[in-house]
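The next block holds one structure in the form of structure tokens; read it before the comments.
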Amino acid sequence: NAGVMQNPRHLVRRRGQEARLRCSPMKGHSHVYWYRQLPEEGLKFMVYLQKENIIDESGMPKERFSAEFPKEGPSILRIQQVVRGDSAAYFCASSPTGGGTEAFFGQGTRLTVV
Amino acid sequence: RKEVEQDPGPFNVPEGATVAFNCTYSNSASQSFFWYRQDCRKEPKLLMSVYSSGNEDGRFTAQLNRASQYISLLIRDSKLSDSATYLCVVSVGGSYIPTFGRGTSLIVHP
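Chains as they are written, first to last, in this note's numbering: chain A, 2 to 115; chain B, 5 to 114.
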């Protein structure tokens, strides 16, 4: 049973480009959470999605950031017109039912904006 | 007040020592509680869930005190491999978002 898969593991983008981060949840999991972690900082919640629905996006910046979890395929976190401050590790976690059950993390995508 | 607070440490202990971490949370309606472990630059890994009755997994014991709104993690007979950052996680809000503390750093030395 494969774990949560994130790709790419490392992504380098120039300022102004777009970054697309992918997350495939564990088999049987339909709830996905995205977090951002800056160096020496804790994990900050960004968005919570269920298949085809955004449940809570209270942690996501209003500008430039968007997320989706289509019926088929992985969840995508999209950052448009990246800036240096977007450089961070982005982690995705999945859980089978949400509602406070255990969440399991992917290995993360390390985004570097140059 | 932060939703989940932890002492960042570091806690520097010799092998074989017993060490305990506490974590406080602000939302009395919080439903679920967990401890995760994060090694440097890697993903958080679930260590254990925390139940009201307390629970034990080998050398690790977790306790929940709802009245005082804190959870604790006790590690007995520390190993070098226990060196990591320990993250307290509380599910908060109507959507029960897993909310992380900043973590407590543990360094176990020979």
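Ideal Cβ positions, reconstructed from N, Cα and C, are used throughout, including at glycine.
Quick one: what does DSSP say residue i is sitting in, helix, strand or coil?
i	result
A:LEU39	coil
B:ASP43	coil
B:SER85	helix
B:ASP11	coil
A:ARG85	helix
A:MET27	coil
B:PRO18	strand
A:GLN51	strand
B:SER36	strand
Quick check on the burial criterion: 16 or more other C-beta atoms within 10 angstroms. Buried or exposed for residue i?
i	result
B:THR22	exposed
A:PRO62	exposed
B:LEU84	exposed
A:PRO40	exposed
B:ASP86	buried
A:ASP87	buried
Take residue i as the anchor and find which of the options has the nearest alpha-carbon.
i	options	result
A:HIS32	A:GLY86, A:PRO40, A:SER95, A:GLY100	A:SER95
B:ALA115	B:VAL8, B:ARG70, B:PHE15, B:GLU7	Given that chain B is displayed from residue 5 to residue 114, the structure contains no residue 115 of chain B and the question cannot be resolved.
B:GLN35	B:LYS49, B:ALA66, B:ARG70	B:ARG70
A:GLY17	A:CYS93, A:ARG85, A:PHE105, A:ARG111	A:ARG85
A:LEU50	A:GLN38, A:GLU19, A:HIS30	A:HIS30
A:GLY4	A:ALA89, A:SER59, A:CYS24, A:VAL13	A:CYS24
Tell me where the beta strand (DSSP E) around residue i begins and ends.
i	result
B:GLN73	Careful: B:GLN73 lies outside any beta strand (DSSP E) and carries neither H nor E.
B:MET52	49 to 53
B:TYR100	That residue, B:TYR100, is in no beta strand (DSSP E); it is neither H nor E in DSSP.
B:SER30	Unbroken run through B:SER30: none, as it is neither H nor E.
A:VAL5	Here A:VAL5 belongs to no beta strand (DSSP E), and DSSP marks it neither H nor E.
A:PHE66	66 to 69
A:GLN18	Premise fails: A:GLN18 is in no beta strand (DSSP E) and is neither H nor E.
B:SER109	108 to 113
Determine which residues of the segment 97 to 109 of chain A have a Cβ less than 9 Å from any Cβ of chain B, and write them out in chain order. Cβ contacts with chain B come from GLY99, GLY100, GLY101, THR102, GLU103, ALA104, PHE105, PHE106, GLY107, GLN108, GLY109.
Which residues, in chain order, does the segment 47 to 68 of chain B contribute to contact with chain A at a C-beta distance below 9 Å? Listed by position along the chain: GLU47, PRO48, LYS49, LEU50, SER53.
Determine which residues of the segment 17 to 41 of chain B have a Cβ less than 7 Å from any Cβ of chain A, and write them out in chain order. Residues of the segment 17 to 41 of chain B with a Cβ closer than 7 Å to any Cβ of chain A, in chain order: GLN35, SER36, PHE38.
Taking a cut of 7 Å between CB atoms, which residues from the segment 79 to 113 of chain B lie near chain A? Listed in sequence order: SER95, SER99, TYR100, ILE101, PRO102, THR103, PHE104, GLY105, ARG106, GLY107.
Please list, in chain order, the residues of the segment 72 to 94 of chain A that have any C-beta partner in chain B closer than 8 Å. Closer than 8 Å at the C-beta level to chain B, one finds these residues of the segment 72 to 94 of chain A: ALA90, PHE92, ALA94.
Please list, in chain order, the residues of the segment 46 to 66 of chain A that have any C-beta partner in chain B closer than 7 Å. So the list reads PHE46, TYR49, ILE56, ASP57, given in the order they occur along the chain.
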